[in-house]
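Q: Attaching a single structure in structure tokens format; questions to follow.
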Amino acid sequence: MVWCGLTDTGRVRTHNEDYFSCIDMRQGSLFLVADGMGGHDAGEVASRIAAESAAREVRAYAGTGDPKTVLELAVLQANADVLKEANSKGSNMGTTLNLVLVAGDKAYIANVGDSRSYWIENGTIKRITEDHSLVEKLVSLGKMTREEARKHPKSNVLYRTIGSEGPLTVDLFQVLLRKGGSLLLCTDGLWGEVTDEAMHEIFKTEKDVKKACARLIRTANENGGKDNITAIVVKVV
């Protein structure tokens, strides 16, 4: 595998609340993106704490059991750690969290929020994760198209995030990796500005992961750059 991760503040925001990490481990490789939210620097703190907490848990327990269970427990620990920080500071903070653990020819994915994972292969792009947003629910009910949801002013209103009180449900997925295919992890600063079809065109023309990643970020900025933009591209070679 080869990979590249990039983040950019965008053209409107003054600071970056996104966080990403790419980690090589003996048991595989871990990739993650997080998109923080909250007043002042709370979003930056939440995304960093969640990412570091989840990565620490995965590194400690990867290879000891079912990968999906390891990811789920890592996300739950991240949620607990963000809640602890929020309560200690009297702050309202939260974050999305999208984790991908690659082990052998499989990718195991855990998701909370609206950061996304895609699989691009053989002329197709497939979104793996589902957004935990109100507009996504309307799409699933047939009351809104995906394009309407992408441009809706309330598209960033989430009903499930890291840092939430009460029981947290973690979405879990598994993808078979094949040579020539690519994984894309991204925050809404990318998919909110660049359609799935436009992303796919970039992957068809840019075979180098660094060039593909940079062009994704650049295109999001050219289309408005209204939010922080983060992308990780992982190519199976």
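Per my numbering, the very first residue in the sequence shown carries number 1; after that it's consecutive. Where is the CB? At the ideal position from N, CA and C, for every residue including glycine.
1. If you compare alpha carbons, which of Leu177, Lys89, Leu73 is closest to alanine 54?
2. Using 8 Å as the threshold, is the C-beta distance between methionine 37 and isoleucine 125 below it?
3. Give the list of continuous beta strand (DSSP E) stretches no shorter than 3 residues that lie fully inside the region 34 to 99.
4. Once you ignore the five residues that flank valine 245 on each side, which residues in its own chain have a CB closer than 7 Å to its CB?
5. With a floor of 3 residues, list each beta strand (DSSP E) that falls wholly inside the region 121 to 200, ordered by position along the chain.
6. Check arginine 218 in the structure and name its three-state DSSP category.
7. Roughly how many angstroms lie between the CA atoms of leucine 168 and alanine 50, to the nearest whole one?
8. What are the boundary residues of the beta strand (DSSP E) that includes threonine 230?
9. Do threonine 129 and aspartate 35 come within 8 Å of each other at the CB atom, strictly closer than that value?
10. Check whether the region 38 to 47 touches the region 81 to 97, taking contact to mean three or more Cβ pairs, one atom from each stretch, closer than 8 Å.
11. Looking at the unbroken beta strand (DSSP E) that takes in aspartate 24, where does it start and where does it end?
12. Could you have a look at threonine 205 and say whether DSSP puts it in helix, strand or coil?
13. What are the boundary residues of the beta strand (DSSP E) that includes valine 8?
14. Buried or exposed: which applies to histidine 15, given that a residue is buried once 16 or more other Cβ atoms fall within 10 Å of its Cβ?
15. Could you spell out the range, first to last residue, of the beta strand (DSSP E) harbouring lysine 106?
16. For the 8 Å Cβ check, are there 3 or more pairs between the region 56 to 73 and the region 13 to 30?
17. Output the distance between the C-alpha atoms of glycine 113 and serine 182, rounded to the nearest integer angstrom.
18. Can you name, in chain order, every residue of its own chain whose Cβ lies under 8 Å from the Cβ of methionine 238, other than the five neighbours on each side?
19. List the DSSP bridge partners of valine 238.
20. Tell me which same chain residues have a C-beta within less than 6 Å of the C-beta of asparagine 221, skipping the five on either side of it?
A: Well, looking at it:
1. Looking only at Leu177, Lys89, Leu73, the smallest Cα-Cα distance to alanine 54 is reached by Leu73.
2. No, the pair does not count as a contact, with Cβ atoms beyond the cut-off.
3. Under the rule that a run must span 3 or more residues, the beta strand (DSSP E) segments found entirely inside the region 34 to 99 read 93 to 95.
4. It is not possible to answer for residue 245, since the shown part of the chain is limited to 1 through 237.
5. Whole beta strand (DSSP E) segments, 3+ residues: 124 to 127, 171 to 176, 182 to 186.
6. Secondary structure at arginine 218: helix, using DSSP grouped into helix, strand and coil.
7. Roughly 14 Å separates the two Cα atoms.
8. Bounds of the beta strand (DSSP E) holding threonine 230 are 229 to 235.
9. Their beta carbons are not under 8 Å apart, which means aspartate 35 does not touch threonine 129 by this criterion.
10. Below 8 Å, enough C-beta pairs join the region 38 to 47 and the region 81 to 97 to call them touching: three or more.
11. For aspartate 24, the uninterrupted beta strand (DSSP E) run begins and ends at 18 to 25, by DSSP.
12. The answer is helix: DSSP assigns threonine 205 an H, G or I state.
13. Going by the sequence as given, residue 8 is aspartate instead of valine. First-last of the beta strand (DSSP E) with aspartate 8: 2 to 8.
14. Exposed.
15. 106 to 112 is the extent of the beta strand (DSSP E) around lysine 106.
16. Verdict: yes, contact present.
17. For the pair glycine 113 and serine 182, the Cα-to-Cα distance works out to about 22 Å.
18. Residue coverage of the chain in this structure runs from 1 to 237, which leaves residue 238 outside it and unanswerable.
19. Within the shown structure, residues of the chain are numbered from 1 to 237, placing residue 238 beyond reach of any answer.
20. Here the set comprises Arg11.
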